[in-house]
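Below: the structure, in structure tokens.
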Amino acid sequence: MGVPQVQVAPQRSAGHEVEAGIPPVAPSQTRTGVIQGVALPGMTPREQVTNRDEAPQAAPVRRSLKERMASAPHSFADPTPMSVTDNPLTQTNVGLTTMTSTDAAFQIAADGEVTSAEATIPIAAAIEVSEPAGVLDLDVAREHHLFLVSDAVDPAELEALAISMWDEAGWIAPGRLRLSSDAELEGPWTLDQPTRAALGTPASLSNAWVLHCPQAPARQHNNGVMGEWDKAFPDGLPTGLEYRVLEALRRMARRLAGGLRIAGSGYVMVPDADSAVNLTVYSPRWINPEDLLSAMRERAGFEQMKDARDITPEAPKPVPLTPAQIAQIEKLKAELGPVRKDIASKIAKAREEHEAQRDKPQVVDGYALMSPIGHRSDMMIEVHAVPTPPRVLRWEPWTAGAIIEYQVRWLPTSAPTPGVGAISRTARLERLRSTQDVEKAAGMIATLVGGNVIDEDGFLVGLEEISPEDGE
62 MGVPQVQVAP
72 QRSAGHEVEA
82 GIPPVAPSQT
92 RTGVIQGVAL
102 PGMTPREQVT
112 NRDEAPQAAP
122 VRRSLKERMA
132 SAPHSFADPT
142 PMSVTDNPLT
152 QTNVGLTTMT
162 STDAAFQIAA
172 DGEVTSAEAT
182 IPIAAAIEVS
192 EPAGVLDLDV
202 AREHHLFLVS
212 DAVDPAELEA
222 LAISMWDEAG
232 WIAPGRLRLS
242 SDAELEGPWT
252 LDQPTRAALG
262 TPASLSNAWV
272 LHCPQAPARQ
282 HNNGVMGEWD
292 KAFPDGLPTG
302 LEYRVLEALR
312 RMARRLAGGL
322 RIAGSGYVMV
332 PDADSAVNLT
342 VYSPRWINPE
352 DLLSAMRERA
362 GFEQMKDARD
372 ITPEAPKPVP
382 LTPAQIAQIE
392 KLKAELGPVR
402 KDIASKIAKA
412 REEHEAQRDK
422 PQVVDGYALM
432 SPIGHRSDMM
442 IEVHAVPTPP
452 RVLRWEPWTA
462 GAIIEYQVRW
472 LPTSAPTPGV
482 GAISRTARLE
492 RLRSTQDVEK
502 AAGMIATLVG
512 GNVIDEDGFL
522 VGLEEISPED
532 GE
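What follows is the structure, encoded as structure tokens:
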């Protein structure tokens, strides 16, 4: 049998008619991926669909979450007073003075529906840690030690100083500042004019904090070397927690220009706030003597500063010897006899080694710089490493490594006489000038090495850094 031949019709353009005798070829349908006549699980057969002739649903309008929150309906009545606005996002709560502590909140359901509801929220208003000051009762004032400050001292300053000394310091209630263990300050109380007159306190210190602290029954006998403490406690000095807290309050009083009134004796102690002149810079960085000396001369203005190793004290002129003394010396030399050659050679060798080491750089563990300041005072900068930081820096992470101490000390020509309360006007003016120079030197050191500046009482001090433009 022969193989049937298939005759392929020639292609024609769409506009030409199909030749006679050849049936038309149906156009191929577009592939849609839909399997006709097959219903997969979860699908409805085509013949069972009832809404085929209905118009398709419109696509939902997409709105941002902000728009939905702004138009969200309230789930229940809003008891919180609000300013009248159409948008709950811009409503202002005007009920801060009421007992209501709720405000508008929003809830989003699983289907995305947003509704407005009430919820308890924290009040964003400032909360005072002290109550309004009242007048201190006179009997209470006489029974307790008082910490005296002026109206300008903020309670937050007391808290900052207390935290720098004690780990557990902080507010435990409005007007109650815990210091350490069972010691706390209560206040501030107002001291009116009659109360100040009865207590003998200065007029400038119009606020008082009452110290609540257990007193140790034992007292130390006065030895006459404790200065004002001997006057404050004529029957014996306190011991234990009471003494430690009072000593800390004395340091705080000098920093805040305040004072102390001691219960029992009624002695009022007002430390001189300007007497704390010396400053100390603590830093993890070491600076070489020649670098610090150059910076102090060129940038800080201490042109006469010198390395303490280069300062040779003037030796007094020797007293001329009498003829009898000269004869006695010659007699002793003759009795000694000739010097051994080995000893003479060792002395000569030691001198040669000393001369050879003079020009080489020295490796030191510490050094000191000296400079005149004020009119007739001196300043010394002592630099050395210390094993532990001061307590105020106990939380600084860099203190786990090397700690370098730069102590800037004022050396007055005449030291103040112990026991003398007031100093002369000239001495006070000289101290003020020297204080400015000490602060300038400490600021220069802090600019070079960073770190923290501490005063004599162990509190942080903020100084302005010296920029290169300032030095020029």
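Using the working numbering, the first residue of the sequence shown is number 62, and each one after it goes up by one.
No residue lacks a Cβ here, since even glycine has one placed at the ideal position from N, Cα and C.
Nonlocal neighbours in the same chain, by C-beta distance under 7 Å from R346, ignoring five residues either side
I465, V510 and G511
Give the range of the beta strand (DSSP E) segment to which A244 is assigned.
A244 to T251
Let's test the definition: count the other Cβ atoms within 10 Å of the Cβ of Q386 and tell me whether it reaches 16, buried, or not, exposed.
exposed
May I have the straight-line CA-CA distance separating V556 from Q365, to the nearest angstrom?
Outside the shown range of the chain, which is 62 to 533, sits residue 556, and nothing can be said about it.
Measuring straight from C-alpha to C-alpha, what distance separates G325 and P278?
14 Å
For L33, I'd like the list of residues in its chain whose CB is within less than 6 Å of its CB, leaving aside the five on either flank, ordered along the chain.
This structure does not reach residue 33, given that the chain is present from 62 up to 533, and the question cannot be answered.
Confirm, please, whether the CB-CB distance from L353 to L430 is below 8 Å.
yes
May I ask which residues mark the beginning and end of the beta strand (DSSP E) holding I233?
G231 to A234
Just to confirm before moving on: does the CB-CB distance between L222 and R305 stay below 8 Å?
no
Taking Cβ positions, are A537 and V447 nearer each other than 8 Å?
For residue 537 there is no data in the structure shown, the boundaries of the chain being 62 and 533.
Could you tell me which of L382, P450, I484 and T474 sits nearest to H436, measuring between CA atoms?
T474
Taking the Cβ atom as the reference point for each residue, do G427 and H445 lie within a distance shorter than 8 Å?
yes
What is the residue span of the beta strand (DSSP E) that G504 lies within?
Counting along the chain, G504 falls outside any beta strand (DSSP E), though it belongs to the alpha helix (DSSP H) covering R486 to V510.
Cβ-Cβ distance between E245 and R257 below 8 Å
no
Could you tell me whether the Cβ atoms of H273 and G297 are closer together than 8 Å?
no
Supposed contact pair R322 and L207 - C-beta distance, whole angstroms, cut 8 Å:
4 Å
Considering only the alpha carbon of each residue, which of T251, N349, T383 and E375 lies closest to D368?
N349
Three-way DSSP call (helix, strand, coil) for T373 in this model
coil
Give me the DSSP bridge partner(s) of L298.
Q281
Tell me the residue span of the beta strand (DSSP E) that contains W471.
I465 to L472
Distance between beta carbons of W227 and L240, contact taken as under 8 Å
6 Å
When you compare only the Cα positions, how much space is there between A361 and D333?
28 Å
Can you tell me whether I184 is buried or exposed? The criterion is at least 16 other CB atoms within 10 Å of its CB, across all chains shown.
Note that I184 scores a pLDDT of 49, beneath 50, so its modelled location is shaky and nothing firm can be said.
Which ranges would you report for the beta strand (DSSP E) in the region 424-453 if only whole runs of at least 3 residues count?
427-434 and 438-446
Per DSSP, what kind of secondary structure is L207 in: helix, strand or coil?
strand
C-alpha gap between D335 and R419, whole angstroms
43 Å
Spatial neighbours of R203 within its chain, please: C-beta separation below 8 Å, excluding the five flanking residues on both sides.
L260, A324 and G327
Can you tell me whether DSSP reads R358 as helix, strand or coil?
helix
If you follow the beta strand (DSSP E) that L240 is in, where does it begin and where does it stop?
R237 to S241
Using 8 Å as the threshold, is the C-beta distance between G288 and V210 below it?
no
Going by C-alpha to C-alpha distance, which of P255, L397 and W270 sits closest to A264?
P255
Going by DSSP in three states, W227 sits in which element: helix, strand or coil?
coil
Beta-carbon proximity check, V342 vs V514, cutoff 8 Å
yes
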